[in-house]
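Everything below concerns the one structure shown next.
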Amino acid sequence: MKIIKFSLLILCIFIICKLASVNLHDKESPDMIRYLKNNPNEPDNIFRLYRRDFCAKAFSRSRVYPNANLKKRKSEYDIKHFSYQLNDTLDDYLLKEKLGSGRFSIVYKALHQPTGETRAIKILVDTSERKIKRELLALNQIQGGPNVIKFYEIISNKSSKYPSMVFELAEGLPIHKSQKSYTEFEIKNYMYQILQALDHAHSKGIMHRDIKGGNIVVDTEKKQLKVLDWGISEFYFPYKEYDHHVATLYYMPPELLVRVKDYDYSLDIWMAGCVLGEMLLSKHPFFKAKDERHLLKLMTKFLGTQEFYKYLKKYRIELNYDWIKKIKIREPLARSDIINERNPHLVTDTALDLLFKLLVFDKEKRLTAREAMEHQYFDEIRNL
Ligand SMILES: Nc1ncnc2c1ncn2[C@@H]1O[C@H](COP(=O)(O)OP(=O)(O)O)[C@@H](O)[C@H]1O
Ligand SMILES: [Mg+2]
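In mature numbering (1 follows the signal peptide of the UniProt record, and there is no 0), the protein residues as written are -20 to -1, 1 to 364.
Written out as structure tokens, the structure reads:
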């Protein structure tokens, strides 16, 4: 009898140890370690091996195209190994009217005299060499993709102070200025085109990081859309930590707001969700925030506080108490709160279903561009 009891005790101890070791093993083997084990030849300078909170759940990597850049040569993604040729062809262009301007540039329509084509010239005012190289590297990777602006060359001449990038001319206006409101078909069509461009860029390992009305031009006659301004785009590497000073406030996804730095392509999906929200509600911008805290308030008002707390818990994100105490407990908005007299025909259940699958706190749960393209909302567009 004693022997049986003793054996049972030993068995119990063995099982408990086994379970404990599984737990321990799980904790000590986050995605990143598994990933590095499977990819022993990774250039380690692109990974941060150690972080303050070294636990599995704090890490996350893109659900799609995680390795898109891993087989590339350094000269294809690393500005330190990239050089470009500045063509001395500025005199071939005849500058015409101004098309727009941004933080780093002024853009003009220009006649390319040798071909007779009208193009767009982006004069890079006070743009760092680093930024120019990054934009060129990204443009090289994504050229030829659907609804991606075509890039021709980077030019200068002896007398010009700044270099200029030459692009195809995107006819029309930025999407938020082009029309006050869009029909359901137009929204579906334009949104689908944005997702096509994003899926293409993501498949090439590029995050745009500044999707917003001003960087999307629509030709309402041809119903053709172009995604431009790849100036702050970046190459995605799993677990790499990126700068959170990207994106425009209104379009900033939650991960930037709470300073999660290993973000991924899903950043663009949140921003695209904001653009969808703008079109559905004829309201620009969708989250009209005064500052980051106000933005968080607007997000939690829209998506509900519980979802936000679940998100913080999952990624073990600690927020400053000052921030938390400003957040009131709220339920997510219901359809009846979202529709107004102008939009009931646009804010359908299917449209809202898509919107709430793009604007998700947890970046891992957001639809990817390709998944969004498969959404029922686009059934009538997909096979056009
Ligand atoms: N290829 C283009 N065709 C037509 N308009 C353009 C083109 N490129 C830029 N623009 C216009 O110029 C503005 C600024 O260009 P953008 O590339 O966004 O520069 P920045 O990096 O300074 O924001 C855009 O919002 C758009 O209105
Ligand atoms: Mg811009």
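The beta carbon of each residue, even a glycine, is placed where N, CA and C say it ideally should be. These figures come from a predicted structure and were not determined experimentally.
One thing to note: residue 174 has its Cβ within 9 Å of the Cβ of residue 196.
A residue is listed when its beta-carbon falls short of 6 Å from at least one non-hydrogen atom of ligand 2; in chain order these are 82, 194, 195 and 209.
DSSP, reduced to helix, strand and coil, places residue 67 within a strand of the structure shown. At least one heavy atom of ligand 1 is found less than 8 Å from the C-beta of residue 148. Here the alpha carbon of residue 152 sits roughly 35 Å from the alpha carbon of residue 314.
A straight-line Cα-Cα distance of about 15 Å links residue 108 and residue 210. For the set 249, 231 and 254, the Cα lying nearest the Cα of residue 271 is the one of 231. The three-state secondary structure of residue 85, taken from DSSP, is strand. Between the segment 118 to 136 and the segment 83 to 91 there are fewer than three C-beta pairs closer than 8 Å, too few to call the two in contact. Taking a C-beta distance under 9 Å as the contact criterion, residue 261 and residue 320 qualify as a contact pair. For residue 232, there is no enclosing beta strand (DSSP E), as DSSP gives it neither H nor E. Following the DSSP letters along the chain, one finds residue 131 inside the beta strand (DSSP E) bounded by residues 131 to 135. Take residue 191, set aside five residues on each side of it, and the residues of its chain with a beta-carbon closer than 7 Å to its own are 231, 248, 251, 252 and 255, in chain order. Residue 332 and residue 265 have their C-alpha atoms spaced approximately 17 Å apart.
Per DSSP, reduced to three states, the secondary structure at residue 92 is strand.
Spanning the alpha carbons of residue 149 and residue 295 requires a straight line of approximately 43 Å.
Counting the other Cβ atoms within 10 Å of the Cβ of residue 61 gives fewer than 16, which makes it exposed.
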